[in-house]
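Chemist: Structure incoming, see below.
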Amino acid sequence: MKILIAQPNRENTLESMRREAGNRPNVDVILFPEGYFQSDKLEVVSQLAKESNIYIVCGYKDENDKDRAFMVNQHGKVLLERAKTPEADSLFAPSKIEDEGRKFGYVLCREIFLGLKGLGREPVDIIFNPIGVGMFSEEQFTEWTDEARKIAIEQKAFVIGVSHSDGSYRDCGFSIPIAYGFDQNGKEVLMLKNDMRSVILDTELRAVEYVSVS
């Protein structure tokens, strides 16, 4: 599969998503960060997926400004929609889905640290990790990507994540935007750190194409 991984700024419109979807006719999936859009845009995003013939994977904010998981297929059908798991709980379901022979996993932001125990044994091809803002320290960056690598090896699946290019954790003023990808053996295929270019990751070729600055 070809997956477009974008690091947009936080925005009230869908400008970045519309631009990326419209310019990439050969892409199968668009991956955007956690909390990218508000709940009043759900139908619009689903229609955009249908018009562009792509899967869209990201997160959105509900009416109470709480983060929720979201994935829609190329026909505009919502495949996954649920609340974000609180840190002290076990990973919420569903976190794995199958669609037209394709098997996906999903962990929203810090759910990455619940994935080893919570994802179960059902095989998947790709696990997506939409992230809100970037890492608040070098230590967190290392901890996060190490955990993603472990999940890739344990699940024998690609694990791919991305954050927004702006904002910071609890407005601390420091942030490291990231995009990453590990293959089924835990080998690094993509690692962007303070590099906000959009990329296309080809899971079959294990290759990355740098396409633009979001």
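In this text, residue positions in the sequence shown follow the numbering used here: the first is -17, and each later residue adds one. Ideal Cβ positions, reconstructed from N, Cα and C, are used throughout, including at glycine.
1) Let me check understanding here. Comparing Cα to Cα, which of Glu45, Arg50, Leu61 and Lys43 lies closest to serine 28?
2) What three-state label does DSSP hand isoleucine 94 in the structure shown?
3) What are the complete beta strand (DSSP E) segments, minimum 3 residues, inside the segment -5 to 59?
4) I'd like to check one pair, cysteine 91 with glutamate -7: are the Cβ atoms closer than 7 Å?
5) From the DSSP output, in three-state form, read off leucine 187 for me.
6) For isoleucine 158, tell me which candidate among Leu(-14), Ser119 and Val106 has the shortest Cα-Cα distance.
7) Identify the continuous alpha helix (DSSP H) that holds aspartate 128 and give its terminal residues.
8) Bridge partners for arginine 103 per DSSP, in chain order?
9) If you follow the beta strand (DSSP E) that isoleucine -13 is part of, which residue opens it and which one closes it?
10) Identify whether asparagine 176 lies in helix, strand or coil by the three-state DSSP scheme.
11) Could you give the C-beta distance for glutamate 45 and leucine 98, rounded to a whole number, given that I count them as a contact under 8 Å?
12) Below 8 Å, can you find three or more Cβ-Cβ pairs linking the segment -16 to 4 to the segment 165 to 180?
13) According to DSSP, is valine 89 part of a helix, a strand, or is it coil?
14) Hey, isoleucine 133 and valine 141: beta-carbon distance below 7 Å or not?
15) Could you pull out every residue in the same chain whose Cβ sits closer than 8 Å to the Cβ of leucine 73, ignoring the five residues on either side in sequence?
16) Excluding five sequence neighbours on each side, which residues of the same chain lie with their C-beta closer than 6 Å to the C-beta of isoleucine 79?
17) Of the residues Gly41, Asp10 and Leu187, which one's Cα is nearest the Cα of aspartate 197?
18) On the CB-based measure, 16 or more other CB atoms within 10 Å of its CB, does proline 7 come out buried or exposed?
Modeler: Reading from the atomic positions:
1) It is Leu61 whose Cα lies nearest to the Cα of serine 28.
2) Taken through DSSP and simplified to helix, strand or coil, isoleucine 94 comes out as helix.
3) Complete beta strand (DSSP E) runs here, min 3: 11 to 13, 37 to 43 and 49 to 54.
4) Against a cut-off of 7 Å, the Cβ pair of cysteine 91 and glutamate -7 comes out as no contact.
5) In the structure shown, leucine 187 adopts coil according to DSSP, grouped into three states.
6) Nearest option by C-alpha distance: Ser119.
7) Looking at the DSSP string, the run of the alpha helix (DSSP H) that includes aspartate 128 is 120 to 137.
8) Paired residue(s): none; arginine 103 is not in a bridge.
9) Here the beta strand (DSSP E) through isoleucine -13 covers -16 to -13.
10) In this structure, asparagine 176 counts as coil in the three-state DSSP scheme.
11) With a Cβ gap of about 32 Å, glutamate 45 and leucine 98 do not count as contacting.
12) Yes, the segment -16 to 4 touches the segment 165 to 180.
13) Note: valine 89 maps to coil in three-state DSSP.
14) Going by C-beta atoms, isoleucine 133 is nearer than 7 Å to valine 141.
15) Correct list, in chain order: Thr67, Val89, Glu93, Leu96, Gly97, Lys99, Gly100 and Leu101.
16) Cβ within range, chain order: Leu61, Leu62 and Phe86.
17) The question about residue 197 has no answer here: the residues shown for the chain are numbered -17 through 196.
18) Here proline 7 is exposed, its C-beta having fewer than 16 other C-beta atoms within 10 Å.
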